[in-house]
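Residue numbers (our numbering): 63 to 309.
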Amino acid sequence: MSIQSAPRGAFVLSLDLPTAHAATAQVIRQIRTHQVAATWSVPLGSPLAQLADLLGVASGNPGGANELAWRAEPAWADANVGRGKFAVALAERASAALEAGFAMPTLVLDECRAPAHLDVASKYGVRALTGGTGGKQLVGMQPKALRFGVWSVPVSVSISGGGSWWTNQARRAIQEINRAVRTGTVCHVHADLSRGETVAVLDRVLAHVQRCRVEGRLVVETVGQLAARLARPRVATRPARSILRAA
63 MSIQSAPRGA FVLSLDLPTA HAATAQVIRQ IRTHQVAATW SVPLGSPLAQ LADLLGVASG
123 NPGGANELAW RAEPAWADAN VGRGKFAVAL AERASAALEA GFAMPTLVLD ECRAPAHLDV
183 ASKYGVRALT GGTGGKQLVG MQPKALRFGV WSVPVSVSIS GGGSWWTNQA RRAIQEINRA
243 VRTGTVCHVH ADLSRGETVA VLDRVLAHVQ RCRVEGRLVV ETVGQLAARL ARPRVATRPA
303 RSILRAA
């Protein structure tokens, strides 16, 4: 399915939440001031209900305004992990999400390759995979359908902190957003929020996203929302025909 069918560019933001709970609420508040929906990845054992409340994830709605996603570690999600171990790990996570009252259809791959057993992933409600590039960005790469209804949503730009890279990272992200606006494609920015400097980089990027959205040139989606949109069947439009016969 071609991404070119989208009338406007699309922006996707995925974030790794810090594990220190004291920092989590502050980071969430800072990011949410920009009113940009995001996919927030968390490990098993995270307080899902509390995080959903902070993020505005709607109960019963896969994603709501924001989306909680599972952080997939190599120990259970790498390509060489056996089918049984992968299934057990997903079953645990599906049960935790169900108990919290919402779906978590996205896996954010943390330093691991895409899992081999996509049929198992689909069985447990996974509809999108992202990450898995070892922090590398895949400029120009676009979402694609894999198998069993699972989509791959590659990262366009990865932001890992501030320092001397601050300006370059922000500029690169903005360039890719502008490319998506021009071509009607997808720009996916991923950021690790374990370093405080990352939020400062994101401030500039998300301010640009807001301007583009207000101008009607960009739509903002979570990873799960994007995958759901792309998975919907296309409806072919037929040209209108006159009911009048030619003279």
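Backbone N, C-alpha and C fix where the C-beta goes; we use that ideal spot for every residue, glycine too.
Check	Outcome
Short Cβ contact (7 Å threshold) for A176 with V212	no
Residues bridged to W102 [DSSP beta-bridge criterion]	L77, L130
DSSP-derived helix/strand/coil call for T245	helix
Beta-carbon spacing of S222, D254 below 7 Å	yes
Pick from L75, D140, F164 that is closest to V119, judged by C-alpha positions	F164
Closest Cα partner of A162 within the set G187, V188, R234, L130	L130
Q204 burial status per 10 Å Cβ neighbour count (16 or more: buried)	buried
With 16 other Cβ atoms within 10 Å as the buried cut-off, status of T192	buried
The segment 273-293 touching the segment 231-249, judged by at least three CB pairs closer than 8 Å	yes
Cα-Cα separation, K147 to C174	15 Å
Whole-number beta carbon distance between N128 and A100, since they are thought to touch under 8 Å	6 Å
Rounded Cβ spacing between L79 and V104 (contact assumed at less than 8 Å)	6 Å
Between the CA atoms of D181 and A153 - distance to the nearest angstrom	13 Å
Cβ pair A134, L171 closer than 7 Å	yes
beta-carbon Q88 near the ligand FAD non-hydrogen atom, thresh 6 Å	In terms of ligand content, the structure shown is empty, and the ligand FAD therefore cannot be addressed.
Nearest-angstrom Cβ-Cβ length linking S214 and H252, presumed shorter than 8 Å	About 14 Å; that fails the 8 Å criterion.
Separation of Y186 from R91, as counted between CA atoms	31 Å
V276 and A232 closer than 7 Å at C-beta	no
Cβ neighbours of P109 in the same chain (closer than 7 Å, five flanking residues each side left out)	none
Assumed close pair P167, A190 - CB separation to whole angstroms, cut-off 8 Å	6 Å
Option in A242, S256, A293, P136 with minimal Cα separation from R209	A293
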